[in-house]
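Report on one structure; see the data block that follows.
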Amino acid sequence: MLLDRSFRRTLIARLLLSAGPSTAAALLIAAPGCGEPEAEEATEAADIRCFEWFEELGACLDREQALEEFRSIYSPCESREEIRSVKSDATPRDGACCYEVVAEETGPCAVGRPFMLEGHRRTAAPRPAEAGWLARGKRTGPGGMEPSLAHLTDEERETLAEGWLRSALEEHASVASFARFALDLMAHGAPSSLVEAAHIAALDEVGHARLGFSLASAYRGAPVGPAAFPMPPAIPVAADLVALARAAAEEGCVGETVAALVAAEQRARAEDPAVRAALEAIADDEARHAELAWLTVAWAIGAGGEPVRRAVAGVFEAAAESLRRPPPAEAEAEAPRGRPAALAAHGHLAGADLRALSCAAVAQVVLPCARSLGLWKPRAAAAAVAPAVSA
Numbered sequence: 001m002l003l004d005r006s007f008r009r010t011l012i013a014r015l016l017l018s019a020g021p022s023t024a025a026a027l028l029i030a031a032p033g034c035g036e037p038e039a040e041e042a043t044e045a046a047d048i049r050c051f052e053w054f055e056e057l058g059a060c061l062d063r064e065q066a067l068e069e070f071r072s073i074y075s076p077c078e079s080r081e082e083i084r085s086v087k088s089d090a091t092p093r094d095g096a097c098c099y100e101v102v103a104e105e106t107g108p109c110a111v112g113r114p115f116m117l118e119g120h121r122r123t124a125a126p127r128p129a130e131a132g133w134l135a136r137g138k139r140t141g142p143g144g145m146e147p148s149l150a151h152l153t154d155e156e157r158e159t160l161a162e163g164w165l166r167s168a169l170e171e172h173a174s175v176a177s178f179a180r181f182a183l184d185l186m187a188h189g190a191p192s193s194l195v196e197a198a199h200i201a202a203l204d205e206v207g208h209a210r211l212g213f214s215l216a217s218a219y220r221g222a223p224v225g226p227a228a229f230p231m232p233p234a235i236p237v238a239a240d241l242v243a244l245a246r247a248a249a250e251e252g253c254v255g256e257t258v259a260a261l262v263a264a265e266q267r268a269r270a271e272d273p274a275v276r277a278a279l280e281a282i283a284d285d286e287a288r289h290a291e292l293a294w295l296t297v298a299w300a301i302g303a304g305g306e307p308v309r310r311a312v313a314g315v316f317e318a319a320a321e322s323l324r325r326p327p328p329a330e331a332e333a334e335a336p337r338g339r340p341a342a343l344a345a346h347g348h349l350a351g352a353d354l355r356a357l358s359c360a361a362v363a364q365v366v367l368p369c370a371r372s373l374g375l376w377k378p379r380a381a382a383a384a385v386a387p388a389v390s391a
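Numbering-wise (the numbering used here), the sequence shown opens with residue 1 and increments by one.
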């Protein structure tokens, strides 16, 4: 899959010019293959899920409470699935409460920088909202445009509302992530330009969250926003430059570079003017955030030397390894919840499309940039040259 050509080339140029020299050949290197999780049959087949429970807590939760508990455990962006409903009452089992649930694959999220704590993403819970987290006047796009709901089915509106709400909650978490990133930078003596850029990025994410909550509210027909962010009393900062650089490489050089390119592709396929305007802003901002990550990694390597370089190289090797895995056996395609063309016109891409785009972004942009900096080298037996993309 080829990504939006002009945006892809612009982003490559930005990243390589900001982080180091490049060669024409470096832009054509891509790891072969693109392993994808096997698609699951999109049926309402229920399965059993449990969470830990103690007798001292009393009876197991009812179905509605259990659904909230499962949604706090299974982050759609981390686990790549969402618990859609709880179909049975609780069955106590060996210190746990178990339920029959319906889970649905969501595909990878590619928005913003996650707020990670103890190896898990954290996001706020959604709640009915006042205008505080909605775009100005509860409208999006230039000239106060709102997305057109004409010709959308109820199911499609629900799908779009859920997708934009999920993205908005991730963007909202990115505000906290960049605030902590600024503290990490200051704790390890980073230059003021990086600290300033981290704060600017946090403000960008406030805007992205407002756009996402506004679109989600429009599609669901009622305002929605974030509850209080689940912030711990003490926020741990990066222990050393190795930890700082590794996180910047994983969440920024890979994650936000992919996010920028996926947002650009969503914008290219979107037809609704309000959605296109929102994705235009998000794609451009995420490109600058990716650039900040590459600049941070370059600074950290210069300041910390070989241990930092090895840690960062390991991040890119892991990204390349994910592409080297052979594709799984063909499985029945995931059935979209709505017409794919109608959903794409409003910025929603199916999980299979998002996986393919993410793989293409890693192969066509992330790894060439890492290679140009000497942070990744294709294996002699597995290296391949991707076809050039004409203008």
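From the three backbone atoms N, C-alpha and C, an ideal C-beta is built for every residue, glycine too.
- Exclusion of the five residues before and after H348 leaves T159, L160, G163 as the residues of its chain whose Cβ lies within less than 7 Å of its Cβ.
- Counting other Cβ atoms within 10 Å of its Cβ, F178 reaches 16 or more and is therefore classed as buried.
- For the set P340, S358, F316, the Cα lying nearest the Cα of A370 is the one of F316.
- If you compare the alpha carbons of P273, M116, A125 with that of L244, the shortest gap goes to M116.
- The shortest C-alpha to C-alpha distance from A350 to any of Q266, E280, A238, P126 is the one to Q266.
- The three-state secondary structure of F51, taken from DSSP, is strand.
- The beta carbons of V237 and L183 sit closer together than 8 Å.
- Under the DSSP definition of a beta bridge, Y99 partners with R49.
- When rounded, the separation of the alpha-carbon atoms in R276 and W53 is 45 Å.
- R220 is not a Cβ neighbour of W133, given a cutoff of 8 Å.
- V366 is the residue among V366, P191, S214, R93 whose C-alpha sits nearest the C-alpha of V258.
- By a beta-carbon distance limit of 8 Å, P128 contacts A222. Their separation comes to about 7 Å.
- Buried is the label assigned to H208, since at least 16 other Cβ atoms lie within 10 Å of its Cβ.
- Boundaries of the beta strand (DSSP E) harbouring R127: 126 to 128, taken from the DSSP string.
- With 16 or more neighbouring CB atoms inside 10 Å of its own CB, I282 falls in the buried class.
- The C-beta of E155 has fewer than 16 other C-beta atoms within 10 Å across all chains shown, which makes the residue exposed.
- With respect to the C-alpha of V86, the residue from D62, D94, E55, P92 having the closest C-alpha is D62.
- Proximity of the stretch 241 to 255 to the stretch 193 to 207 falls short of the contact definition, fewer than three beta-carbon pairs being nearer than 8 Å.
- In the DSSP assignment, G225 is bridged to R127.
- Put simply, of P340, A263, S167, R310 the residue whose alpha carbon is nearest the alpha carbon of V224 is S167.
- Between the alpha carbons of A268 and V262 lies a gap of roughly 10 Å.
- With distances taken between CA atoms, G305 lies nearest to L241 out of A361, L241, A135.
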